[in-house]
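Asks: Chains as they are written, first to last, in the UniProt record's numbering: chain Z, 1 to 776; chain G, 1 to 661.
Just so you know, even glycine gets a beta-carbon here, dropped at the ideal spot from N, CA and C.
Given the structure is predicted, the values throughout are model-derived calculations rather than measurements.
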Amino acid sequence: MKAKVLDKKRKARDVSSDSESDDELGNGLFDGVLSASEDEEDYIPSDQIEEDDSESENDGTEGSDEDEEDDDALLSDDIPSDDEELSKLEELEITEPGVDPKPKEVEEDERNYRIDKDANGNDRYVYDEIDPVYDSDDSDAQGPVNTIGNIPLSFYDTYPHIGYDINGKKIMRPATGDALQSLLDTIEVPKGWTGLTDINTGNPLNLTDEELEIVRRVQMGLAPDDLIDPYPDTVEWFTSKEEKMPLSAAPEPKRRFLPSKNEAKQIMKLVRAIREGRILPYKPPEEREREAEEQEEVHFDLWQDEEPQAPNPMHIPAPKLPPPGYEMSYNPPEEYLPTQEEREEWEKTDPEERTKEFLPTKYTSLRKVPAWGELVKERFERCMDLYLAPRVRKNRLNIDPNSLLPKLPSPSELKPFPTVVQTIFRGHEGTVRSVAIDPTGVALATGGSDGTVRVWELLTGRQVWSVTLSSDEPVYTVRWRPTKDAFILSAAVGEDIFLMVPTHSSVTPALDQTSRDVLAAGFGYATNGQQAAIPAGKEPAGKWARPGTKLEDEGVLVRITVRSTVKVINWHRRGDHFSTTSPEGQRSSVAIHTLSKHLTQIPFRKLHGIAQAAAFHPSKPIFFVATMRTIRCYDLQKLELIKIVQPGAKWISSIDIHPGGDNLIVGSYDRRLLWHDLDLSNRPYKTMRFHPKAIRAVKYHKGGLPLFADASDDGTLQIFHGKVPNDQLENPTIVPVKQLKGHKVVNQVGVVDIDWHPREPWCVSAGADGTARLWM
Amino acid sequence: MAKIKKKGQSGQAKNYITRTQAVKKLQLSLPDFRKLCIWKGIYPREPRNRKKVSKSATASTTFYYTKDIQYLQHEPLLQKFREQKTLEKKISRALGRGDVSDAARLERNAARPDQTGKPRYTLNHVVRERYPTFIDAVRDLDDCLSMLFLFANLPSTSSVPAKMIARCERLCLEFQHYLITSHSLRKSFLSIKGIYYQANIMGEDVLWLVPYKFNQRVVGDIDFRIMGTFIEFYMTMLSFVNYRLYTSIGLKYPPKFDQTKDEQGAELAAISIEGMNIATDGETKAITNGEEQQIDPKVQAQVNKLVKQLKDEANGEKPDEEMAEGDEEEEEKPTDALDKFEPAAPGGDVLLQPSYSGNDPSKLFSNFTFFLSRETPRQSLEFILRAFGCKRIGWDSVLGEGAFTTDESDPSITHQIFDRPVVQAAMDEAEGDGEDNQTSRKLGPSQRYPGRIYVQPQWVWDSVNDEELKSPELYAPGAALPPHLSPFVKPTQGQYDPTIPLEEQQTEGEALDAEIEDATEGQGEEDSEVENDMDVASDNDDEEDEDEEDGPEEEEEEEEEEEEDAALERQHELEAEIAGKTLKSKKVDPKTKAKLDQKKALERKKKEEEEDLERAKGMLSKKKRKLFEQMQYTNNKKSAEDMKLKAKRRKLEKEKAAKKA
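(1) Is DSSP giving Z:W756 helix, strand or coil here?
(2) If we call anything under 8 Å between Cβ atoms a contact, is G:L77 one with G:I42?
(3) Relative to the C-alpha of Z:V752, which candidate in Z:E374, Z:D157 and Z:G448 has its C-alpha closest?
(4) How about Z:Y685: is its C-beta nearer than 8 Å to some C-beta of chain G?
(5) In the segment 160 to 172 of chain G, which residues sit with their C-beta less than 8 Å from some C-beta in chain Z, listed in chain order?
(6) Along chain Z, in chain order, which residues have C-beta atoms closer than 9 Å to that of G:T62?
(7) First and last residue of the alpha helix (DSSP H) that includes G:M202?
(8) Rank Z:E374, Z:G168 and Z:I148 by C-alpha distance to the C-alpha of G:V219 and give the top, closest one.
(9) Please state the DSSP three-state secondary structure of Z:A615.
(10) Let me know if G:I165 comes out buried or exposed under the rule of 16 or more other beta-carbons within 10 Å of its beta-carbon.
(11) Does the CB of Z:G325 have a neighbour CB from chain G at under 8 Å?
(12) Find the nearest neighbour of residue 789 of chain Z within the set Z:E341, Z:V645 and Z:K377, judged by alpha-carbon distance.
(13) In chain order, which alpha helix (DSSP H) runs of at least 4 residues are fully inside the segment 352 to 415 of chain G?
(14) Taking just the CA atoms, how far does G:D68 sit from G:V53?
(15) Please name the residues in the segment 480 to 493 of chain G whose beta-carbon is closer than 7 Å to at least one beta-carbon of chain Z, in chain order.
(16) Put Z:I228 into one of helix, strand or coil per three-state DSSP.
(17) Locate the beta strand (DSSP E) running through G:V422, then write down its first and last residues.
(18) Give the straight-line distance between the Cα atoms of G:K654 and G:G509, rounded to the nearest whole angstrom.
(19) Grab me the residues of G:K593's own chain with a C-beta within less than 8 Å of its C-beta, minus the 5 sequence neighbours each way, in chain order.
(20) Does Z:H299 get closer than 8 Å to chain G when you measure Cβ to Cβ?
(21) Just the chain G side, please: which residues come within less than 7 Å of Z:W303 by C-beta, in chain order?
(22) So, does the segment 652 to 661 of chain Z touch the segment 681 to 693 of chain Z, judging by three or more C-beta pairs under 8 Å?
(23) State whether the segment 381 to 389 of chain Z contacts the segment 354 to 372 of chain Z, with contact taken as three or more CB pairs (one from each stretch) at a distance under 8 Å.
(24) Hey, does Z:E286 have any beta-carbon neighbour from chain G nearer than 8 Å?
(25) What does the alpha-carbon distance come out to for the pair G:A152 and G:T414?
(26) In its own chain, which residues sit with a C-beta less than 7 Å from the C-beta of G:L485, not counting the 5 before and 5 after it?
(27) Helix, strand or coil for Z:P621 per DSSP?
(28) Please say whether G:I393 and G:L385 have beta carbons closer to each other than 8 Å?
(29) For Z:F708, which of helix, strand or coil comes out of DSSP?
(30) Tell me, please, which residues DSSP counts as bridged to Z:N206.
(31) Could you check the C-alpha separation between Z:P692 and G:M227 for me, to the nearest Å?
(32) Is any beta-carbon of chain G found at less than 8 Å from that of Z:T361?
(33) What does the Cβ neighbour count give for Z:I488, buried or exposed, with the cut at 16 atoms within 10 Å?
(34) Cα-Cα, which of Z:T364, Z:F720, Z:R689 and Z:L729 is closest to Z:D677?
(35) Does any CB atom of chain Z fall closer than 8 Å to the CB of G:V398?
(36) Between the segment 474 to 492 of chain G and the segment 625 to 638 of chain G, can you find at least three pairs of beta-carbon atoms closer than 8 Å?
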């Protein structure tokens with residue numbers, strides 16, 4: 001590179017040195033070059049190309065400068081104007097000595113500047129022009145260069161100068177020849193004439209032959225430099241000739257001639273995937289979807305090989321919805337349409353509580369029928385039912401309910417039985433507590449809450465006798481002594497039991513006397529001291545005494561005082577014993593009294609439950625005690641418990657023993673009437689519910705008729721036909737025959753007691769309404 | 001010593017399983033379990049004793065049979081559910097990672113029945129399991145059809161995709177086509193909820209409800225996912241049932257479905273049925289709209305021969321008749337044209353006398369050509385008419401595609417279904433008599449064509465239900481229609497039946513009551529001057545009322561009462577004599593008196609009966625008594641309703657009579 005620079009410099013020096021003298025020469029040289037350029041270049045050896053290039057470059061660049069200078073020189077030479085000539089000469093003169101005197105100047109005063117005053121009056125150093133001499137390093141210093149920039153030269157047409165040089169000095173317009181000269185110029189076209197004007201100098205722009213050649217090549221579309229060969233010879237990098245000898249002696253590998261197993265495997269994989277449909281040709285999603293749809297709708301006979309199977313016994317098919325009825329019609333019969341009230345009521349009720357989800361409506365024509373708004377909801381509910389509702393199989397009895405009823409014989413076949421009220425016995429104030437018909441069937445005794453005992457003529461209802469036993473306590477019960485040889489009535493008031501002989505038309509003096517004797521006999525016994533000695537300090541179970549003269553005059557002859565209030569009296573059939581029951585009496589609640597001995601005994605040391613009633617067996621020495629829930633049967637001879645009958649009632653009110661002795665009826669406060677067959681079971685043979693209220697009393701007919709009755713708080717009596725067959729194997733037949741209504745209910749108490757006539761099918765009832773009634 | 005039994009180890013405790021336990025056992029989510037239960041037909045059970053079954057205190061626990069749940073454990077669908085679950089997990093995981101494209105890919109592959117309406121699974125095996133035989137499936141078709149017909153009429157929403165609706169619709173149409181070709185539709189009923197249809201398929205009665213063609217209102221909280229689950233199953237079921245039904249009558253399934261026609265609202269006509277043997281008849285048979293009436297008898301005979309064992313005998317006779325019928329019609333046409341000049345021509349009369357003879361309901365309408373006015377429900381009418389043998393049904397072009405003719409003036413039309421209010425002018429015309437249609441030539445706003453019968457739609461339904469052509473006069477346009485009665489009510493003894501006159505079904509007592517009422521009322525109107533009579537009557541009533549209250553002395557009192565009555569009467573007579581009047585009015589009603597006596601006797605008898613009943617009831621055991629009372633309660637309720645109806649009817653009849661008078 002260094003060499004190159006040096007070379008350049010040398011050349012520049014050459015050029016500059018030759019600047020003036022070489023004008024002619026240079027042109028001549030160029031001519032030669034132009035004429036013989038091709039030939040010369042052709043002969044340039046390839047080695048020198050580079051050098052040539054660099055040279056040509058240099059030629060190109062510096063050439064132009066030279067040209068300018070040449071032109072100037074030419075112009076100055078050919079058509080020298082005076083001024084210019086002079087100035088040039090001056091310049092030359094200045095410059096020429098300038099080279100030489102420089103060292104002189106430096107030596108002289110070593111100052112190459114002047115001191116001026118600037119605008120402020122300060123010193124200003126104005127340096128002299130440096131004249132770049134041949135040896136100077138400044139390669140840029142050239143001839144005057146127009147600095148007007150890229151503007152048309154025509155702007156300066158009116159001026160004598162054509163621009164300014166670097167120092168701001170005017171570049172004067174080169175002198176133009178006169179018309180003749182220019183004409184001559186046109187005729188003698190100088191070498192390299194282009195007819196153009198150099199913008200920088202204002203001189204006509206002439207081009208060298210080399211430059212013209214370059215222009216021509218460019219115009220031809222060729223490479224500007226003819227040194228580039230567009231068609232070089234091919235260099236064979238790879239020979240096209242076949243080598244006879246192999247490069248390697250290795251044998252040919254198998255893979256060259258055997259198909260690859262691995263590839264085959266891969267291919268087979270793909271093939272299989274295609275066959276199996278795992279790889280599918282691409283399809284747009286819509287098409288794929290449609291195809292999938294079509295594929296999905298497979299149609300075949302699902303039940304081709306159907307076999308009827310027995311349905312799973314546990315499976316309950318969903319019940320079908322009921323078919324629509326008449327009222328659902330769009331045009332129902334008129335009577336199905338709701339009335340105004342019904343409509344209002346329907347609208348008022350909550351939608352969930354409505355029995356029907358729609359109101360029958362009439363539309364006069366089909367086109368007026370609207371959509372049913374609830375349909376989707378209904379369907380949805382059905383769906384919910386289908387999967388969410390527990391299914392239970394319910395056996396619906398589709399039978400006539402009457403077929404459940406037992407076939408009862410007509411009551412008319414079972415006559416006689418009491419049907420209507422015959423006599424009403426009025427007189428008691430308050431409840432009539434107890435009624436009893438005497439064994440002869442003539443007189444009726446009643447005891448009431450007013451503390452009186454009255455005796456009536458049964459058929460006429462005339463009161464024949466009455467006695468007030470107590471002013472404050474009610475007569476709980478009255479009972480006749482069951483034998484006909486005497487006419488003795490017993491009544492219980494509070495803790496006292498009175499035995500009396502009422503006066504009655506049927507009572508003859510003889511009968512009266514025997515009765516009195518029967519009652520009085522015991523006193524003798526007592527006075528005779530036969531009575532068992534009572535342990536000292538212990539209260540006797542019952543005190544037998546005379547009730548006092550006033551009562552004795554009335555016919556009340558004996559008073560027995562026991563420990564607690566007596567509610568029930570029950571006579572033994574022979575008339576010598578009777579039992580009393582006092583529910584509050586606890587240990588001594590049941591007492592047995594012996595009339596002939598005026599003796600009172602308490603048979604049970606301890607009792608299970610509260611005694612409600614007691615009764616003697618009609619023929620056997622058996623004693624029944626009813627507690628609240630059970631009935632205990634005691635053998636009086638062996639003094640032991642025989643059996644416990646369990647009616648299942650919660651609270652027994654009364655019991656009665658069938659005259660045959662094998663059957664027993666129980667009335668209970670829990671509204672049930674129970675028939676027990678003692679031989680059969682401890683449990684009731686039949687339970688009957690006829691009353692909506694408690695049953696107070698039950699009674700068999702004792703005179704041979706198959707009748708029994710109960711009395712209830714609902715104010716009715718129910719008469720039954722209850723036939724006990726003689727044959728042990730047959731069951732008793734029980735038929736309700738009549739319900740007797742008549743008593744009024746007072747304070748929720750209806751009929752309190754009942755008694756049968758000893759022979760006739762008549763019965764007497766005592767009611768809370770203060771009456772006793774005879775039914776026949 | 002025997003092994004001690006522990007509580008909850010055997011018996012009921014083992015037989016039942018709660019829902020929570022079941023879900024846990026199957027490792028499913030609750031919605032999936034629900035789906036599975038719906039498809040497999042597993043439903044909860046009510047244990048006999050809840051306490052023995054579970055220790056929990058909640059009363060609302062649902063129990064399933066353990067065996068049922070065990071059976072579900074082997075269900076192949078379970079696997080599908082689990083796959084779905086894992087897929088959803090994958091998607092959610094991908095989304096959690098922010099890997100949307102992955103999630104989208106997974107989503108694309110997912111089977112989303114609720115979105116696309118197309119699950120990747122099939123329920124074929126479930127249908128087969130639930131209905132081991134075809135007849136089982138037919139038996140259980142009620143709910144299926146009702147649901148599908150409802151969904152076919154639903155608007156498509158996000159929860160009910162349009163595809164599902166389209167499929168429902170198509171299945172329904174296919175089913176209807178089967179009913180039409182097999183003539184198995186039996187009855188139909190226009191209710192306020194929709195139209196009920198009853199068909200007899202293989203001896204099984206199938207009843208379903210089709211809503212009226214309106215936009216269905218969706219009210220309340222309705223879970224369409226549950227409904228959708230049902231629908232999925234029902235669609236599968238009905239498609240198999242349809243296949244079987246079609247093949248059983250020698251038809252090809254699926255029938256050709258014409259999408260374009262369907263879009264034009266052709267409904268039934270969008271489907272064309274083909275025979276099974278494509279070799280013999282490539283032509284599509286079905287939408288029998290007259291044009292295809294004139295089938296080549298040879299071809300028809302061939303077809304018949306081929307499918308004879310499957311088809312009804314009736315079909316064999318068809319072609320001849322049809323041909324004959326076609327001829328008739330051709331003859332008719334010219335006569336119709338002549339009619340215009342000769343109103344007395346017998347054209348209309350011939351049509352009035354239907355050639356329908358015998359009791360083949362499938363030919364009820366076979367000789368007629370119907371035209372449906374545009375206000376009539378086309379779909380239901382078309383279906384029902386076709387099912388009962390009608391071949392040519394035309395309608396207004398507004399009602400959709402597929403009509404035999406859309407030209408109202410077509411001369412071959414014999415009947416026009418007409419549901420418009422009658423304009424007064426037209427009314428006046430029509431008032432003359434039945435045949436005035438022919439005579440009137442005016443074509444007003446409600447124009448009538450001569451020679452055809454105009455009836456309201458109900459005529460079709462009533463004719464179908466009674467299997468005979470009803471008299472069209474009753475159903476003429478503008479006429480007050482006779483009540484439309486449900487054909488599904490089976491008359492039972494003692495129940496009120498609106499078709500029977502009132503006199504035949506009222507009890508003696510009721511009749512007497514009514515008559516007495518009538519008589520007293522009549523009298524009241526006749527001579528209001530004599531108020532004594534009314535007083536007596538009212539007195540009587542009062543006393544009777546009292547009687548009922550205090551029972552025991554009733555009989556006596558009654559007797560007394562009668563005596564009193566007699567005494568009163570005598571007194572009245574005396575008074576009248578004194579006043580110089582004749583006691584005519586009193587004597588006018590010996591009839592009423594007799595009736596009153598009769599009534600009294602009846603009441604007495606009734607009382608006795610009641611007593612007897614009471615006696616017998618007391619003898620019943622507690623259990624039986626309860627049962628008896630229950631039964632009586634329901635019976636009484638029913639009879640009370642009947643009584644109400646009867647009373648209403650009596651009133652109405654009386655009003656009517658009064659109006660007439």
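Replies: Quick answer:
(1) strand
(2) no
(3) Z:G448
(4) no
(5) none
(6) L388 and P390
(7) Taken as a continuous stretch (DSSP letters only), G:M202 belongs to no alpha helix (DSSP H), as it is neither H nor E.
(8) Z:E374
(9) Look at Z:A615 here: in three-state DSSP terms it is strand.
(10) buried
(11) yes
(12) Since the displayed chain Z opens at 1 and closes at 776, residue 789 of chain Z lies outside it and no answer follows.
(13) 378 to 387
(14) C-alpha of G:V53 to C-alpha of G:D68: approximately 16 Å in a straight line.
(15) L481, P483, H484, L485, S486, F488 and V489
(16) coil
(17) First-last for G:V422: undefined, no H or E at that position.
(18) 18 Å
(19) Taken in chain order, the list of residues that qualify is empty.
(20) yes
(21) T133, F134 and R244
(22) no
(23) Flag = no, the segment 381 to 389 of chain Z and the segment 354 to 372 of chain Z do not touch.
(24) Chain G, which has no Cβ nearer than 8 Å to the Cβ of Z:E286, makes this no.
(25) Looking at the two C-alpha atoms, the distance is approximately 32 Å.
(26) P498 and T499
(27) coil
(28) Inclusion of G:L385 and G:I393 in the CB contact set at 8 Å is warranted, their separation being smaller than that value.
(29) strand
(30) Z:W193
(31) 53 Å
(32) It does; some Cβ of chain G falls within 8 Å.
(33) buried
(34) Z:L729
(35) Chain Z, which has no Cβ nearer than 8 Å to the Cβ of G:V398, makes this no.
(36) no
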